[in-house]
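Q: First the structure, which I've put down as structure tokens, then a few questions once you've had a look.
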Amino acid sequence: MRFLLLVGTLLMVLPVTSTVSATPGDDHSLKPQWESLLPPADLSGWKILGGTAKYHIEDSMVIGQSTAGSPNTWLITERQFGDFELEYEFLCDPSLNSGVQIRSEAKGRSARGFQVEIDVDENRKRFWSAGLYEEGDRGWIDDLKDNPEAQAAHKPHDWNLVRVMAVGAKMQTWLNGVPAAEVFDTRRLSGFIGLQVHGVGNRKEPLEIRWRGLRIRDLGSHHWSPVVLPPLDDRVEQLNLPEGCRTFRVDLSHNEEDDGAVEFRWDKNSVEFINDKVRYSYQGEFKPTGELTGESSGGGGSAKFRGRFQVFSGDETSTSLVLSDGSSRLRWKSPGPPSGGRIMLNGHRSRILGVEALVRVEPPSKAQD
């Protein structure tokens with residue numbers, strides 16, 4: 008049997024120019040300056056989506072008020088954001104649910120996309136504020152039921168500070184300085200930011216949610232850059248990720264007549280696709296977590312594979328494997344694909360329909376005053 012040859016120059020066709028760079032770290036001197044995200048008094052640059060809740064600006068705060076019979080309402084930015092660092096404080100009536108949309112889009116009269124939850128209901132005592140929910144789609148992506156520290160950080164009757172980092176596939180939140188949600192997901196890479204007032208049914212008394220200290224750093228964006236596969240015979244070789252890239256995806260055919268395996272290996276990790284099966288092995292302290300661990304045993308396992316696209320996202324400590332539309336995912340505590348490093352591929356060339364890498368584009372430089 009012949010194997011797949013993907014030469015080391017495979018990804019050299021990516022546009023590795025000055026616009027593609029590594030993800031910014033914690034050196035704030037290298038980051039763009041903070042921008043105020045407080046809407047002006049006339050709400051220009053923003054617009055209302057959904058219901059009839061009221062928004063106004065007072066004392067450098069955004070105040071949202073519920074109205075009887077209204078569905079969910081959002082005050083959304085006309086500007087689109089990809090990668091960013093966002094901070095805000097909220098003070099919410101304990102009887103009102105709310106949230107902040109990020110990387111979202113309008114779908115009819117509703118928002119669709121990620122929401123950083125505001126959950127202050129003292130009766131339910133769940134306190135999942137700063138958890139990540141996907142409005143109008145998959146629902147909870149990362150709640151805080153297994154994060155008691157973040158739940159305990161909540162202040163039901165006081166201002167709460169939220170920090171959000173969204174860079175490429177990785178999204179993180181903090182509540183009052185305590186780590187809350189952490190998600191690897193490439194389904195949505197950009198969109199508007201929106202302030203939600205949840206519907207309250209026919210309750211006539213207005214309930215309020217307030218935001219202050221809204222500010223943002225524009226960190227640019229990420230996009231998928233396609234790789235043109237050469238017309239080669241089946242062999243084995245390596246591909247080199249572009250500098251700063253830790254995420255790639257592969258479009259595999261789902262041909263029952265072709266049962267050849269396709270394997271990806273880096274460091275001490277291996278993921279192998281065999282038509283309707285996914286086999287993985289790794290070397291790490293923790294067992295994988297997620298929907299693909301049902302047949303896991305020790306350091307490896309197998310699971311059903313449904314769908315075509317596979318997305319690998321990783322950092323220095325963990326890796327996520329996302330299948331198809333993102334409804335199935337696996338995460339394990341072992342370093343992800345190295346930034347600008349090598350990944351070995353084995354398998355049938357006929358099964359690989361395409362390869363793409365997630366690369367970063369710097370934000371446009373702003374003219375100096």
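Residue 8 is where the sequence shown starts when you use this note's numbering, and the numbers rise one by one after that. A virtual CB, placed ideally from N, CA and C, is assigned to each residue, including glycine.
(1) Please classify Q158: is it buried, with 16 or more other beta-carbons within 10 angstroms of its beta-carbon, or exposed?
(2) Where does the unbroken alpha helix (DSSP H) through L323 begin, and where does it stop?
(3) Output needed for F134: all residues of its chain with C-beta closer than 7 Å, excluding positions within five of it in sequence on either side, in chain order.
(4) Would you report the Cα separation of L50 and Q87, rounded to the nearest angstrom?
(5) With a threshold of 8 Å on Cβ separation, who are the neighbours of G321 within its own chain once the five nearest residues in sequence on each side are excluded?
(6) Which residue comes first and which comes last in the alpha helix (DSSP H) that contains P233?
(7) Can you tell me where the beta strand (DSSP E) holding Q87 begins and where it ends?
(8) By DSSP, does G361 sit in helix, in strand, or in coil?
(9) In its own chain, which residues sit with a C-beta less than 8 Å from the C-beta of D144, not counting the 5 before and 5 after it?
(10) With a threshold of 8 Å on Cβ separation, who are the neighbours of R217 within its own chain once the five nearest residues in sequence on each side are excluded?
(11) Pull up the CB-CB distance for E92 and M172, whole angstroms please, since I reckon it's below 8 Å.
(12) Quick one: what's A75 bridged to in DSSP?
(13) Got a sec? Which residues, its chain only, sit under 6 Å from Y62 by beta carbon, not counting five neighbours each side?
(14) For the 8 Å Cβ check, are there 3 or more pairs between the region 195-203 and the region 105-116?
(15) Evaluate K211 with the Cβ neighbour count: other Cβ atoms within 10 Å of its Cβ, from every protein chain shown; 16 or more gives buried, anything less gives exposed.
(16) Mapping DSSP to helix, strand and coil, what is P186?
(17) Decide if P46 is buried, meaning its Cβ has at least 16 other Cβ atoms within 10 Å, or exposed.
(18) For Q158, report the span of its alpha helix (DSSP H) as first-last.
(19) Of the residues L56, N209, G348, W339, which one's Cα is nearest the Cα of K114?
(20) Given a cut-off of 8 Å, decide if G146 and E124 are closer than it, judged by their beta-carbon atoms.
(21) Look at the alpha carbon of P163 and the alpha carbon of E215, and state the distance between them as a whole number of angstroms.
(22) Going along the chain, which residues of its own chain have a beta-carbon closer than 7 Å to the beta-carbon of G227, five neighbours each way excluded?
(23) On the three-state DSSP scale, how would you describe R219?
(24) Among the residues of its own chain, which have a CB less than 7 Å from the CB of L202, if the five just before and after it don't count?
(25) Please name the residue in P213, E189, P78, Y95 whose C-alpha comes closest to that of R116.
A: According to the data block:
(1) Buried, by the Cβ-count rule.
(2) The displayed chain sequence assigns Glu, not Leu, to residue 323. Annotation: E323 is outside any alpha helix (DSSP H) and is labelled neither H nor E by DSSP.
(3) Scanning its chain for C-beta atoms nearer than 7 Å, with the 5 sequence neighbours on each side dropped, one finds around F134 the residues D126, Q158, H161, in chain order.
(4) The alpha-carbon separation between L50 and Q87 amounts to approximately 16 Å.
(5) F191, R253, T254, S327, P342, G343, P344.
(6) Unbroken run through P233 is the beta strand (DSSP E), 228-234; no alpha helix (DSSP H).
(7) Counted as a single uninterrupted DSSP element, the stretch harbouring Q87 is not any beta strand (DSSP E), since DSSP gives it neither H nor E.
(8) When secondary structure is reduced to three states using DSSP, G361 falls in the strand class.
(9) For D144, where only same-chain residues beyond five positions count, the Cβ hits under 8 Å are R119, G120.
(10) Same-chain partners within the cutoff: M68, V69, I70, G71, F97, L98, C99.
(11) Confirmed, about 5 Å.
(12) A75 is bridged by DSSP to nothing; it lacks a bridge partner.
(13) Within the same chain, Y62 has close Cβ partners G71, L82.
(14) The region 195-203 is in contact with the region 105-116.
(15) By the 10 Å Cβ count, K211 comes out exposed.
(16) Secondary structure at P186: strand, using DSSP grouped into helix, strand and coil.
(17) Buried is the call here.
(18) Unbroken alpha helix (DSSP H) run through Q158: 155-159.
(19) When L56, N209, G348, W339 are compared, the shortest CA-CA separation from K114 is found for L56.
(20) No, the pair does not count as a contact, with Cβ atoms beyond the cut-off.
(21) Rounded to whole angstroms, P163 and E215 show a C-alpha spacing of 14 Å.
(22) G89, D90, R367, V368, E369, P370, listed in sequence order.
(23) If DSSP states are grouped into helix, strand and coil, R219 belongs with the strands.
(24) When the five nearest sequence neighbours on each side are left out, the beta carbons in the same chain lying within less than 7 Å of the beta carbon of L202 are those of V69, G71, W81, L82, V107, W218, in order along the chain.
(25) Of P213, E189, P78, Y95, the residue nearest in Cα terms is P78.
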